[in-house]
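Residue numbers (this note's numbering): 979 to 1343.
Report on the following structure.
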Ligand SMILES: O=C(O)c1ccc[n+]([C@@H]2O[C@H](COP(=O)([O-])O)[C@@H](O)[C@H]2O)c1
Ligand SMILES: Cc1cc2nc[nH]c2cc1C
């Protein structure tokens, strides 16, 4: 277990990039034209590198950490849906009716729900854990989302959920969230970390009307202004405490924890990517361990990908959250795994690539 944020940060180390060349050589020797499995080859090489050159490597079992929370900034009219939906969806997720419940079941992912602080009683459930007693974060337009101490505690709780998961034998992690109004702090974090303009990247979230998107961007602008005045030299963790949310802090901890323990972590949509952006701003090494699962349909997402230097695995116009995109990306990573571990090499199959290739081209196929 990590005992402090400092201990967690000191445990972070880059992956061994020399293994990428080993992986590429192996992939080039498999019975297929070089590079023909496209990005699956990139994913396989990254997994092989994360698992430190183990062959064959195993990803499973998979643990999906879903953090839920409520947000004080809801009071500013930045969200379309009632705040109670956060609590009701927690119940729905745990009783098996949410999109992530059915996809996780189909895709063999266990769910761990972290109640990071929401308006409602966390149900007694083997897969749910309360990690914060507060009902909601501070209204970021007027005050900090949380104290620096609470932010560190939530980050640690997320990282230690991974520690416990690794001890139980989980090999791959994913993150998702539920929290009415959480696209507002997520957008504020992107703006602050990457110098983006809220009027450029603010979107409808879970269905805000066109007219109110401009109001939401104005509220985010106010939050950024307050933050800059209060903390002219804030570090990445202070930005998270000031402009983030409880679930975003916990998920930032999951990303840091998985990276520190050298396990892959799949990032879901817009809000999960904000948690990843916080972890990345704390230490960019997390890039070595993260898979950006899918392009959220939130309008700012592409710009944010350019800031992070990432290209998401899938683009299915999804914008639900919960980890739904991550669950689909997990399937692709499992495909990358069996390709790497189980395909025959040219030598195994007695295929001579040097004679095969010119013939292939001579046939004009
Ligand atoms: O993950 C995404 O790309 C995504 C994009 C828009 C909305 N959401 C979900 O919708 C909720 C936040 O939307 P909002 O409008 O209430 O800020 C929250 O529960 C998220 O899981 C998720
Ligand atoms: C019903 C509903 C389900 C969600 N799941 C994630 N965000 C959500 C927002 C709403 C409104």
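A virtual CB, placed ideally from N, CA and C, is assigned to each residue, including glycine.
Do residue i and residue j have their CB atoms nearer than 8 Å?
i: residue 1282; j: residue 1056; result: no
i: residue 1123; j: residue 1093; result: no
i: residue 1267; j: residue 993; result: yes
i: residue 1215; j: residue 1129; result: yes
i: residue 1262; j: residue 1153; result: no
i: residue 1171; j: residue 1133; result: no
i: residue 1098; j: residue 1112; result: no
i: residue 1242; j: residue 1150; result: yes
i: residue 1304; j: residue 1234; result: no
i: residue 1272; j: residue 1301; result: no
i: residue 1185; j: residue 1249; result: no
i: residue 1158; j: residue 1061; result: yes
i: residue 1244; j: residue 1286; result: no
i: residue 1054; j: residue 1160; result: no
i: residue 1144; j: residue 1239; result: yes
Got a sec? Which residues, its chain only, sit under 6 Å from residue i by beta carbon, not counting five neighbours each side?
i: residue 1195; result: 1176, 1177 and 1180
i: residue 1088; result: 1041
i: residue 1148; result: 1039 and 1041
i: residue 987; result: none
i: residue 1295; result: 1275
i: residue 1277; result: 1181
i: residue 1174; result: 1168
For residue i, count the other beta carbons within 10 Å of its own beta carbon; 16 or more makes it buried, fewer makes it exposed. Which is it?
i: residue 1051; result: buried
i: residue 1259; result: buried
i: residue 1343; result: Interpretation of residue 1343 is limited by its pLDDT of 46, a score under 50 that renders its predicted location unreliable; no figure is taken from the coordinates.
i: residue 1187; result: exposed
i: residue 1206; result: exposed
i: residue 1163; result: buried
i: residue 1232; result: buried
i: residue 1030; result: exposed
i: residue 1066; result: exposed
i: residue 1003; result: exposed
i: residue 1323; result: exposed
i: residue 1110; result: buried
i: residue 1183; result: buried
i: residue 982; result: exposed
i: residue 1114; result: buried
i: residue 1033; result: exposed
Which same chain residues, not among the five before or five after residue i, have their C-beta less than 8 Å away from its C-beta?
i: residue 1021; result: 1269, 1291, 1310, 1311 and 1314
i: residue 1017; result: 1291
i: residue 1035; result: 1025, 1026, 1029, 1315, 1318 and 1319
Excluding five sequence neighbours on each side, which residues of the same chain lie with their C-beta closer than 7 Å to the C-beta of residue i?
i: residue 1106; result: 1072, 1091, 1093 and 1100
i: residue 1069; result: 1101
i: residue 1166; result: 1118, 1198, 1201, 1202 and 1221
i: residue 1081; result: 1302 and 1305
i: residue 1085; result: 1305, 1308 and 1309
Notebook entry, point to check: In chain order, what residues place their C-beta within less than 6 Å of a heavy atom belonging to ligand 2?
Noted result: 1059, 1063, 1067, 1156, 1184, 1298, 1299 and 1300
Next item on the list: Kindly provide the ranges of any beta strand (DSSP E) runs that are 3 or more residues long and lie completely inside the stretch 1052-1113, ordered along the chain.
Entry: 1087-1093 and 1106-1108
Margin query: List, from N- to C-terminal side, the beta strand (DSSP E) runs of 3 residues or more that fit wholly inside the stretch 1233-1290.
Written below: 1243-1245 and 1268-1270
Item checked: Uninterrupted alpha helix (DSSP H) stretches inside the stretch 1143-1194 (no shorter than 4 residues) -> 1161-1172 and 1176-1179
Checklist line | Inside the stretch 996-1041 only - alpha helix (DSSP H) runs reaching at least 4 residues | finding: 996-1006 and 1016-1028
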